[in-house]
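Let me begin by presenting the structure, written as structure tokens, before commenting on it.
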Amino acid sequence: MSESPQAPAPGNAPSGTTLPLGRIVAFGSASIGITAMAFVNALYLFKYSTDVLLIAPGVMGLLYGISRIWDAISDPLIGRLSDRTKSRFGRRRSWIFASIPATSAAFIMLWVPPTALGPVALAAWVGVALLLFSTAQTMFSVPHFALGVEMTDAYHERTRVFGIRQLMGGMGLITGLLAFYGLAQATEPRSFAPLMAVTVALVASVLTGFGIAWLRERPEYQGRGGEDMKRAFWDVFRNPHARLLLLMYGIESFGAATTGLLSVYVTQYIVKAPQAFYIVVLMFYIVPSFALAPLWNRVSRRVGKRRLWLWSMAIASAAYVAHSFLGEGTIVFWCAISVLQGTTAGVGSVVGPSIKGDVIDWDELQTGERKEGAYLAVWTFVQKSALGLCAILLGFALQWVGFEPNVEQSDATKWMILALYGVFPGVAYAIGTLLLSRFQLNEREHAAIRQALDARRETSSSR
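Going left to right, the sequence shown walks through residues -6 to 456 as this note's numbering numbers them.
Written as structure tokens, this is what we have:
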């Protein structure tokens, strides 16, 4: 069973109180660097590998798939270890500090393979680097996400925490955009890659270190991750609210992963614009996604978190399908779609984590344990598995229709790119919308959960 609860750490908030803004900003700023790394990887690594390093699309898809199989082992393990860690730095902060050199080294390894490597050795190098970066990213993302959930118990305050985190994350995307711009504009992308990789890694290390150094963890959560690893993860799947979200999240992520991987292909081969032009499209996505983040906290208080998320997913589904109508010169149309997508993505990034925190509270009421690491490891694994499966599908689909880098594509190849870029994610989001409509954990039910948990803590502390 759990230890006797202690008082919340300074700067953290129990039910019904407000966190200091500076504390939330510190939490959000720690994610800027890893967001930049993950963004430039998602945006350009696949195409860089096929068009610059000349690794076959099918091979790259397979490498992504292997890294996702590894995630099936590493993600739950790191989540579990994070829950059970006991350290004077905290059970979350200690892992985040350790992730700083790991993510930096793996990121540099990905983008700066030795030039002397032959085709097989080069593919092996990139594959190993993918495994290392994925593991290091989990070392950061699972504990950091858990730390955000643990900062407050309040239903709407959690939305505020992740709203500000989303706003801060915009700086990470801008950093990633600058890295992409440098690569896309470089006459020799492989010669520019070392400067980009080292610079981004250095910025990430400094921001993550300073951000986490400002935070403190709640001592009453130490040692409450549960004793049995199998039961800890079984509890995730026994939770009816978590099961529904996991299914929805997996389908949604599987569909949406194609857009990140294919956007630069669409720019070059469908819209037929310079690769650097995609930065303009992304800015129409990024600005509403992050600038509107504070608005969603206020809107969710009026209409409810689930309803707001539901509306955004329905609109996102239509926006994805609209991608199917892209063609040469359809620049304004693409930018308009990006505004819709950025707006809806911002809603999910703010409201989604807040709802996940409520689901974890339900688990605490049932088990008496705080297993943020286990829950978030499963969610992270689902997301990365979706990306891996999608990369496999994408790689073999492009190879099957005869994709050739840096030449005019056949009609069949263009049709495949648009189908995977538009219809596929649109259908996935439509299914996700239907699943989310069945989610039942609302503000009233969460208030009852918090009341029961607070009463339990008071009883334990009075013994």
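Ideal Cβ placement from N, Cα and C applies to all residues, glycine included.
Since we're looking at a predicted model, the values are computed, not measured.
Using a Cβ distance threshold of 8 Å, H149 and S293 count as a contacting pair.
Apart from the 5 residues on each side of it in sequence, I272 sits with its Cβ closer than 6 Å to the Cβ of L170 and Y174 in its chain, given in chain order. Residue burial annotation: Q433 is exposed, with fewer than 16 other C-beta atoms found within 10 angstroms of its C-beta. A109 and T337 have their C-alpha atoms some 45 Å from each other. With respect to the 8 Å criterion, G163 and P287 are not classified as neighbours on the basis of their beta carbons.
Following the DSSP letters along the chain, one finds K377 inside the alpha helix (DSSP H) bounded by residues E365 to W393. Counting the other Cβ atoms within 10 Å of the Cβ of R236 gives fewer than 16, which makes it exposed. The three-state reading of DSSP puts T168 in helix, counting H, G and I together. For Q334, the number of other beta carbons within 10 angstroms of its own is at least 16, and it is reported as buried.
With contact defined as three or more Cβ pairs closer than 8 Å, the segment 37 to 51 and the segment 393 to 407 are in contact.
Counting C-beta pairs closer than 8 Å gives three or more between the segment 121 to 141 and the segment 71 to 79, which meets the contact rule. If the five residues before and after G339 are omitted, its C-beta is found closer than 7 Å to the C-beta atoms of Q159, P281, S282, F283, L285, A286 and W289, all from its own chain and listed in chain order.
With contacts defined by Cβ atoms closer than 8 Å, E365 and V142 form a contacting pair. I348 sits close to R299, with the two beta carbons spaced by under 8 Å. Between the segment 349 to 359 and the segment 299 to 314 there are fewer than three C-beta pairs closer than 8 Å, too few to call the two in contact. The DSSP-derived three-state label of S198 is helix.
Under the DSSP assignment, G111 falls outside any alpha helix (DSSP H); it carries neither an H nor an E label.
Nearest to A31 by alpha-carbon distance, out of L166, P13, L55 and A95, is L166.
For the alpha helix (DSSP H) assignment, the uninterrupted runs of no fewer than 4 residues enclosed by the segment 390 to 429 are, from N- to C-terminal side, 404 to 411 and 417 to 429. Shown here, A116 sits in a helix according to DSSP, grouped into three states.
Annotation: F82 is outside any alpha helix (DSSP H) and is labelled neither H nor E by DSSP. The alpha carbon of A122 has as its nearest neighbour, out of V199, S97 and C328, the alpha carbon of S97. The DSSP-derived three-state label of T11 is coil. Counting the other Cβ atoms within 10 Å of the Cβ of Q376 gives 16 or more, which makes it buried. For the pair Q402 and Q178, the Cα-to-Cα distance works out to about 22 Å.
Boundaries for S24: no alpha helix (DSSP H) harbours it, and the DSSP string shows neither H nor E there. In the three-state DSSP reduction, E438 falls in the helix class (H, G or I). Closest by C-alpha distance to L140, out of S184, P112, A116 and W207, is W207.
Collapsing the DSSP output to three states places P346 in a helix.
By the CB criterion at 8 Å, V196 and T168 fall inside the cutoff.
The C-beta distance from A367 to F226 rounds to 6 Å, short enough to meet the 8 Å contact threshold. Between the alpha carbons of G350 and E321 lies a gap of roughly 44 Å. A distance of 8 Å or more separates the beta carbons of M144 and F270.
Taking 8 Å as the cut-off, the beta carbon of A172 is found no closer than this to the beta carbon of A312. Taking a contact as a CB-CB distance under 8 Å, the pair P69 and V371 counts as one, their CB atoms being some 7 Å apart. When the Cα atoms are used, G253 and I279 turn out to be separated by approximately 13 Å.
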